[in-house]
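Visitor: Protein sequences appear in the order of chains A and B.
Read in order, the letters of the first sequence are residues 1 to 419 in our numbering.
Read in order, the letters of the second sequence are residues 420 to 591 in our numbering.
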Amino acid sequence: MGMVIAEKILARHCGRKGVEPGTFIEAKVDIALGNDVTAPLAIEEFRKAGGSKVFDPDRVVLVPDHFAPNKDIESAQQCQILRSFAREQGLSHYYEVGRVGIEHALLPEEGVVLPGDLIIGADSHTCTYGALGAFACGVGSTDLAFAMLTGKCWFRVPETIKFVYKGKLNKWVSGKDLILYTIGDIGVDGALYKVMEFTGPVIRRLGMADRLTMCNMAVEAEAKSGIIEPDAETIEYIEARAERPYEIIHGDRSARYANVTEYDCSKIEPQVAFPPLPSNTRPISRVAEVYIDQVVIGSCTNGRIEDLRISDQVLKGRRVHPRVRLIVIPATQKVYREALSEGLLETFVDAGAVVSAPTCGPCLGGHMGVLAEGEKALATTNRNFAGRMGHPKAEIYLSNPAIAAASAVAGKIISPESL
Amino acid sequence: MKIKMEIKAKAYKFGNNISTDDIIPARYLSTCDAKELAKHCMEGVDEEFVGKLDRPSVTGHCIVAGKNFGCGSSREHAPLAIKEAGISCVLAESFARIFYRNAINIGLPILESKRASRRIGSGDEILIDLSRGRITNLSKDENYKAQPFPEFIQKIISAGGLMNYAKEKMKR
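#1: Contact check, Gln-333 of chain A vs Pro-358 of chain A under 8 Å by CB: the rounded distance?
#2: So what's Ala-32 of chain A in DSSP terms, helix, strand or just coil?
#3: Once you ignore the five residues that flank Leu-192 of chain A on each side, which residues in its own chain have a CB closer than 6 Å to its CB?
#4: Could you check the C-alpha separation between Val-100 of chain A and Asp-307 of chain A for me, to the nearest Å?
#5: Let me know the secondary structure DSSP gives Met-217 of chain A once reduced to three states.
#6: If we cut at 7 Å on Cβ distances, does Glu-592 of chain B have a partner in chain A?
#7: So, for Lys-454 of chain B: in the same chain, excluding its five sequence neighbours on each side, which residues have a beta-carbon less than 8 Å away from its beta-carbon?
#8: Note down, one range per segment and in chain order, each alpha helix (DSSP H) of at least 4 residues found wholly within the segment 340-396 of chain A.
#9: Lys-486 of chain B touches chain C at which residues, Cβ-Cβ below 8 Å?
#10: Are the segment 203-215 of chain A and the segment 163-176 of chain A touching, with three or more C-beta to C-beta distances below 8 Å?
#11: Any C-beta of chain B sitting closer than 7 Å to the C-beta of Gly-303 of chain A?
#12: Give the DSSP-derived three-state secondary structure of Cys-153 of chain A in the structure shown.
#13: Using the Cα positions of Tyr-584 of chain B and Leu-41 of chain A, report the straight-line distance between them to the nearest angstrom.
#14: When Cβ atoms are compared, which residues of the segment 455-468 of chain B fall closer than 7 Å to chain A?
#15: Taking only beta-carbon positions, decide if Val-37 of chain A is within less than 7 Å of chain B.
#16: DSSP on Asn-367 of chain B, reduced to helix/strand/coil?
#17: Could you please give me the residues that DSSP links to Asp-548 of chain B through a beta bridge?
#18: Run through DSSP, which three-state label would Thr-160 of chain A get?
#19: In chain B, which residues lie less than 8 Å from Tyr-193 of chain A when you measure between Cβ atoms?
#20: Assign Ile-576 of chain B to one of two classes, buried (16 or more other C-beta atoms within 10 Å of its C-beta) or exposed (fewer than that).
#21: Rounded to the nearest angstrom, how far is the Cβ of Val-335 of chain A from that of Ile-297 of chain A, given a contact under 8 Å?
#22: Among residues of its own chain, excluding the 5 on either side of Arg-319 of chain A, which ones have a beta-carbon nearer than 8 Å to its beta-carbon?
#23: Between Ile-25 of chain A and Phe-155 of chain A, is the Cβ-Cβ spacing less than 7 Å?
#24: Which chain A residues sit within Cβ distance under 7 Å of Ile-525 of chain B?
#25: Using 8 Å as the cut-off, can you tell me whether the segment 88-100 of chain A makes contact with the segment 226-239 of chain A, which would need three or more C-beta pairs spanning the two stretches below that distance?
#26: In chain order, what residues of the segment 73-84 of chain A put their CB closer than 7 Å to some CB of chain B?
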């Protein structure tokens, strides 16, 4: 029987010809990632287990992005743990403030994560890298400690669900809308323990930014990973940045899927996820008057240059509504630099927005835009659980950057068409 | 540290889709000190929760939840906070994937049982036999069966967590 791409990558990394869903394996990882929230715990576990040298200093990656630039003394201490460990171990992929970016935007951009890789990260959105044709999944700190020590991780081989996107994309509809629509369809545990493979003519026409956004939010349906088979678009993106050799892997034609779902994209409008779950989606035409206090454009989901360009397109020559605070966060320094030279930052500042240094910050209620009781925010981030961005009684709505930018101008959630 | 295989506990009931943001809000993540984390266990859904546990109790405590417990962020701080708060087991209809492996890896006993999750009410006294996956509801006089762990996971559990398992393997 043939294998899907996820099974093929797992099989290659545990030295087997084939693997079947349900089998437990210990596989070699190409990249093991941690951040300033999860890595300190992993480093502690690593030391407790008697670890002295990581399995490969080129393959353990530490990114202080959540509470950096350090928001308080405690987070400064956490970042220092990463810094000292990176120096002691001679890690080649540690990024200091000024060079750092949000991990899941940074690592693809830097060519650190590549097609065919098996990647684990102590961060749930590690699944983002599936957009490159890799198998990538989020794990915990102890898993990261184990991987740093042994270069391996345990997996239960997951089943794969195939999602086929057909038809023509409507105006203002992006990868974010496709994934929100899909999560709305299958629910927040609709892909539990499984891989979501995105395919079809619409996906083939999507750029890498939209693909990364889709795979990023696979975890919001509780998938182990999202994955897209590599094509010419992937190779063009990767060729310019790959820091080591990689392998393009495709699934077999005879591969079996746990389920196949098809969507006609011509029927999909821009989506808004209402609190408190990413699955609580509505098309923009069915969003009644929702007045907002804050808009965040950024995060590992939608903080790439393409997202900022769309925001610029909507915001150019307009002003942010007097009652609204618009926070724009380029996901990496490179995105920041590009946005600067393309004049996007000027548009944002002229519109009355604030532009922040790259950080996860407000997405998880860390800093740089925490919400007060009763406030409503529209964010291009990935989670709208109660309390996610601050006060448990604040409400979070999720959308794509175009809707977010238009809503910042209008003071309520609307489509750019209605501006 | 070996896990106690038989647990007597009082149930604290929660609903579906309890996220790791509910279990331990991100504002407490600038530390990995389990004792500090435990002070805020479940604060996102029930601010009084830890206070309730403090009451003198002859039995242990057990969280009983619905579907997709521990969804969202991968923060291992969530099962750590639960374990350190003195919760001896989490029962749910289903677990989010990363929470599931984190709990196994750090040695927090968890069991999946749809019937137990639906039938057990807050305050019920339950008896959990981890090795057999059997749950007895002493208050309602009912028995439920939990999904047994696959052999591979049992090895990690009996080693006392993933890092102990790693140490044992490296010795060999």
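We put the CB at the ideal spot given by N, CA and C, even for glycine.
Guide: Short version:
#1: Against the first sequence, residue 333 of chain A aligns to sequence position 333. Against the first sequence, residue 358 of chain A aligns to sequence position 358. With a Cβ gap of about 6 Å, Gln-333 of chain A and Pro-358 of chain A count as contacting.
#2: Residue 32 of chain A sits at position 32 when you count from the first residue of the first sequence. Assignment of Ala-32 of chain A by DSSP, reduced to helix, strand and coil, places it in the strand class.
#3: Locating residue 192 of chain A in the first sequence gives position 192, where the first residue counts as 1. If we look at Leu-192 of chain A and ignore the five residues flanking it on each side, its Cβ neighbours are Glu-222.
#4: As a working note, residue 100 of chain A is residue 100 in the first sequence. As a working note, residue 307 of chain A is residue 307 in the first sequence. Near 19 Å, if we compare the C-alpha coordinates of Asp-307 of chain A and Val-100 of chain A.
#5: What you label residue 217 of chain A is simply residue 217 of the first sequence in a count that begins at 1. Three-state result, Met-217 of chain A: helix.
#6: In the structure displayed, chain B extends from 420 to 591; residue 592 of chain B sits before or after that span and is not available.
#7: Taking the first residue of the second sequence as position 1, residue 454 of chain B is located at position 35. Setting aside the 5 residues that flank it on each side, Lys-454 of chain B is surrounded in the same chain by Glu-503, each with a C-beta closer than 8 Å to its C-beta; the list follows chain order.
#8: Listed in chain order, they are 344-351.
#9: The structure shown contains no chain C; its protein chains are A and B.
#10: Per the Cβ contact rule, the segment 203-215 of chain A is in contact with the segment 163-176 of chain A (3 or more Cβ pairs under 8 Å).
#11: Locating residue 303 of chain A in the first sequence gives position 303, where the first residue counts as 1. At a cut-off of 7 Å, the C-beta of Gly-303 of chain A has no neighbouring C-beta in chain B.
#12: Taking the first residue of the first sequence as 1, we reach residue 153 of chain A at position 153. Three-state result, Cys-153 of chain A: strand.
#13: For the purposes of this step, residue 584 of chain B is taken as residue 165 along the second sequence, with counting starting at 1. For the purposes of this step, residue 41 of chain A is taken as residue 41 along the first sequence, with counting starting at 1. Put simply, the backbone Cα of Tyr-584 of chain B is about 18 Å away from that of Leu-41 of chain A.
#14: Answer in chain order: Gly-463.
#15: Position 37 of the first sequence, counting from 1, holds the residue named residue 37 of chain A. Yes - at least one Cβ of chain B is within 7 Å of the one on Val-37 of chain A.
#16: The structure shown does not extend to residue 367 of chain B, since chain B spans only 420 to 591, so no value can be given for it.
#17: In the second sequence, the residue the question calls residue 548 of chain B occupies position 129. In DSSP, Asp-548 of chain B forms a bridge with B:Glu-425 and B:Arg-553.
#18: Locating residue 160 of chain A in the first sequence gives position 160, counting from the first residue. Strand, per DSSP.
#19: Within the first sequence, the letter at position 193 stands for residue 193 of chain A. Identification of chain B residues near Tyr-193 of chain A by a Cβ-Cβ cut-off of 8 Å yields Arg-516, ordered along the chain.
#20: For the purposes of this step, residue 576 of chain B is taken as the residue at position 157 of the second sequence. When all chains shown are included, Ile-576 of chain B counts as buried.
#21: Along the first sequence, one-based indexing puts residue 335 of chain A at 335. Along the first sequence, one-based indexing puts residue 297 of chain A at 297. Incorrect: roughly 12 Å between the Cβ atoms, too far for contact.
#22: Within the first sequence, residue 319 of chain A is the residue found at index 319, counting from 1. Within the same chain, Arg-319 of chain A has close Cβ partners Ala-351, Gly-352 and Val-409.
#23: Walking along the first sequence from the start, residue 25 of chain A turns up at place 25. Walking along the first sequence from the start, residue 155 of chain A turns up at place 155. Contact check for Ile-25 of chain A against Phe-155 of chain A passes: the beta carbons are separated by less than 7 Å.
#24: Locating residue 525 of chain B in the second sequence gives position 106, counting from the first residue. Chain A residues near Ile-525 of chain B: Thr-142.
#25: Segments in contact, no.
#26: Those residues of the segment 73-84 of chain A placed with their C-beta closer than 7 Å to a C-beta in chain B are Glu-74, Ser-75 and Gln-78, ordered along the chain.
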